[in-house]
Every structure is written in C-alpha cells, then in structure tokens.
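When the sequence shown is numbered by my numbering, its final residue is 284 and no position is left out of the sequence of numbers.
The beta carbon of each residue, even a glycine, is placed where N, CA and C say it ideally should be.
Just so it is clear, the structure is predicted and the values come from calculations on it, not from any experiment.
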Amino acid sequence: MSTSGTPADRVRAIEDDFADAMTRMYRVGNDLARLRASLVAEAETPAEWTPVAAPTPRTRRSAHPP
C-alpha cells in the first residue's frame, strides 16, 4: 500500500489493495467450500467392500466343545 501522493492517490491505492484482498478472500473461501464439499461427499460414499456370507449360527454343542 502506498502512503505517498495526493489523498486521492492514496484512496485509489487503498481501494486497489482492498479489491485484491477481497478477491483473494473469495478465492480462498471458494477453495475451502469445494474441499469441504468433497470431504462430505467422500464420507457419505461407502468405501468399496466385498460381501461376505452371513455367519452360521452355532448350536449349543458346537459352541462349547467338551
């Protein structure tokens, strides 16, 4: 930011700095929103899995061998 020149020059310089800062803030905010959305989508999408057979129920005899 420039502090030299006429007051009008300083105002323009500050306005330019402000516009640059706002542009950067929006860009960072949009990147953050995009990242958060992808993390949420990833968390809601089940990972690949391999189906397995249901367990066979044990009978009383097989549950406690002698």
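Please state if the CB of R230 and the CB of S222 are separated by a distance shorter than 9 Å. Not in contact: S222 and R230 (Cβ atoms no closer than 9 Å).
Spatial distance of A237 from D249 (CA atoms): A straight-line Cα-Cα distance of about 18 Å links A237 and D249.
T224 beta carbon near the ligand PLP (any heavy atom closer than 8 Å): As presented, the structure is devoid of all ligands, the ligand PLP included, so that no description of it is given.
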